[in-house]
Each structure stands twice: as structure tokens, then as C-alpha cells.
Amino acid sequence: MPNPIPKDINQAQRERLSHIDFKACFLGAIGRSDLVARFGIKEAAATRDITLYKDLAPENLEYDTKAKIYIRAPSFEPLFDYSPSQALAALAHGFGDDFVGKHKALIACETPAQLNNPDLETLSVLTRAIHQQKVVSLVYRSLSSGRSTREVVPFVLVDNGLRWHIRGYDRKRSRFSDFVITRISDPEILGGPIKEHENREHDIQWNRIVELEIVPHPKLKHPKTIETDYAMENGVLKVNVRAAVAGYVLRRWNVDCSEKHSMDGPEYHLWLKNRQALYGVDNLVIAPGYSQSDQITKEGA
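Sequential numbering of the sequence shown, starting at 313, is according to the numbering used here.
Here it is, written out as C-alpha cells:
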């Protein structure tokens, strides 16, 4: 079992130890040249870092005298905790959180093509407004009303799997809404206070948590495959999501939301078992198989 990292080790050295740990864990090898190239340190400093790592985790590395590198030992246990999302992002885009120089994937990796990317200047205005709790004046192009000028109080960035949004209070329509960042232009931070009803605490859809019970699609011949794929327990995957993003989640994972699992197509591996949980959720127009008439029927009942 690796030893705990002493508190007197500074942040820079922790990052180098993490780099050693990550490469040994996921690539199976680490050498002094890796540290020299990644951090711009001298070979002597790299040697000290590897020696310290071996002191903290003596069972993790073995020295390959031919290749002159350290390889992962059979008894390896990570010294640091990694979430799956962190590990995959590092493998796909390069390890570390600095922005100096260019980074490349650590292994062969193909990620979905991005058809659009936010303008960085626009993004910086929006993120500053979120962080500083300010109002933004902006020009927005929507599919329903075209081009218009809005005043928005943004409070969060939202990735729906296809595009990045901001969510915030729309003063023009007096309601909380999502705004696609690539449809925003000419943003400008305004002075003046945010009103009480414009805070995120008053966004009912954002603060409401919906528990989705997702099961293998009843039309599948081998449902156990999907149960394994999604680590389901007793044939059910329970997911807690904000009502404001429920429609995005259901669309992204192609979850059939029809009452009698009637959606056809090889992309539908999942079915929403507890459709009643969606009552009152606003953005279900994009949820596969869930009709607006479902809400209307319930409200009229």
C-alpha cells in the first residue's frame, strides 16, 4: 500500500509525482526523459522525483536495465486518485493542466469531431459574468425568433454533449433559459446589481433533481449485454439529473421515452422505465419518444 504524500511536498513536485504515477498506471512505463520533456527540469531533478516516488510507493515500479526506464510492477497501486473522466481526458488530450506549448494524446485516440467551437473572446466575457455574478448584454440568434438583443444573468456553463450553453435568467422573456454560446455575439458585461429573482436559487428547473430509472430496451435480444455496459444493478441504472438538463441526457444516450417502448432503430439500447418522473420537466421536446401531448394529457386529467 503506497504511503501518504507528506504535506511538506510542494505543489510543483506533487504534479511531477502525479505524472510519474499516471504514466506508470496507464502506459506502464516512466523515465527521466518524460519528466525532463514535460516539466523542463534537469535530469538530476527528475532522478530525485523518481526516487521520492519509489520511497512513497516502493512496490509500484521496477527498473528495466535494458530499456533504462521504470516499468509498472505487478503489485502497482495508484498513489493518486483518478476519476474515469480525468483519465480519459488526459489520455486523449495530454496529461496536465498547464497551457504552455502544444499537447498531444498519450495513446492513439479518436474523439468525436467538433462541428463548432465557441469564440474565445465571447466565452471569456460570459465566464467572467458567471464568476462575478454580473448581467450581460448580448445579441442572440434563436431558431424561433431570429436575431434579438437580450440582457441575461448567466450562472452556469452547460455541456449537452453536442454544444456548450450558458444557463441564466433572460430579462426579455422573464424566465430562466439556455443559450447556445455559438449563437451569441457582441457580449458586454453591464454594471448594476442582480435582482433577487434572477439568482440561480430561483431557477426551479435547475434546482429540481429528477431520478431516472433506465433499463435495457425491451426489444433487445440480449439485455444482459446492456446491463453490463452501464453497470446496472438488478437490471436498472438510476441516474439523478437536474430537470433543466434531463432532455439533453435522454437525447444524448438515445433513451426511448415512449410509454410502450415503441421507438425503432439500432441506436435505442435503453428505455426510460419511470416516465412519470418527467412530469413538469421543461426541455423534453428533444427527449426521444416523449411527446408534448404527454404533459398536456396529464395536466388535463
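Quick reminder that beta carbons are idealized off the backbone N, C-alpha and C, glycines included.
None of the values given here were measured: they were computed from a predicted structure.
First and last residue of the uninterrupted beta strand (DSSP E) at residue i
i    : result
E525 : 521-528
D471 : 458-471
P430 : Neither: P430 is in no beta strand (DSSP E) and is coded neither H nor E.
S497 : 496-502
L584 : 582-584
L373 : 373-376
Residue from the options whose Cα sits closest to the Cα of residue i
i    : options                : result
K531 : K507, Y365, W583       : W583
T434 : T359, L469, N566       : L469
N429 : P386, I496, A402       : I496
E525 : I321, W518, E545, E508 : E545
R479 : A349, N595, P535       : N595
N519 : N552, A349, I598, P505 : N552
D333 : Y394, R564, L432, T359 : Y394
Bridge partner(s) assigned by DSSP for residue i
i    : result
I353 : According to DSSP, I353 bridges with nothing at all.
F488 : Y481
S454 : G458
A543 : BP columns for A543 are empty, so no partner.
A341 : I383
Beta-carbon proximity list for residue i, same chain, < 7 Å, skipping 5 on both sides
i    : result
H416 : What sits at residue 416 in the sequence shown is Lys, not His. So the list reads G406, once near-sequence residues are dropped.
I501 : V437, R440, A441, K446, V448
L368 : P314, N315, I317, L391
E327 : none
M575 : D568, P600, G601
E266 : Past the boundaries of the shown model lies residue 266; the chain is included only from 313 to 613, so the question cannot be answered.
A402 : F334, L418
Sequence-distant residues of its chain with Cβ nearer than 8 Å to residue i (five each side left out)
i    : result
A543 : L549
R587 : C569, E571, Y602, D606
G340 : I383, R384
Residue i to residue j span [Cα, whole Å]
i    : j    : result
V593 : A556 : 7 Å
Q426 : T377 : 44 Å
T461 : N472 : 24 Å
N511 : R554 : 16 Å
A589 : I493 : 29 Å
heavy atom of the ligand MG below 6 Å from residue i C-beta
i    : result
G503 : As presented, the structure is devoid of all ligands, the ligand MG included, so that no description of it is given.
Short CB-CB distance (under 7 Å) between residue i and chain D
i    : result
L347 : You won't find chain D in this structure, because it holds only one protein chain.
First and last residue of the uninterrupted alpha helix (DSSP H) at residue i
i    : result
K550 : Looking at the DSSP string, K550 is not in any alpha helix (DSSP H); the run it does join, the beta strand (DSSP E), is 549-554.
I332 : 323-338
R384 : Here R384 belongs to no alpha helix (DSSP H); instead the beta strand (DSSP E) covers 381-384.
R563 : 558-564
6 Å CB neighbourhood of residue i in its chain, flanking five on each side removed
i    : result
A379 : none
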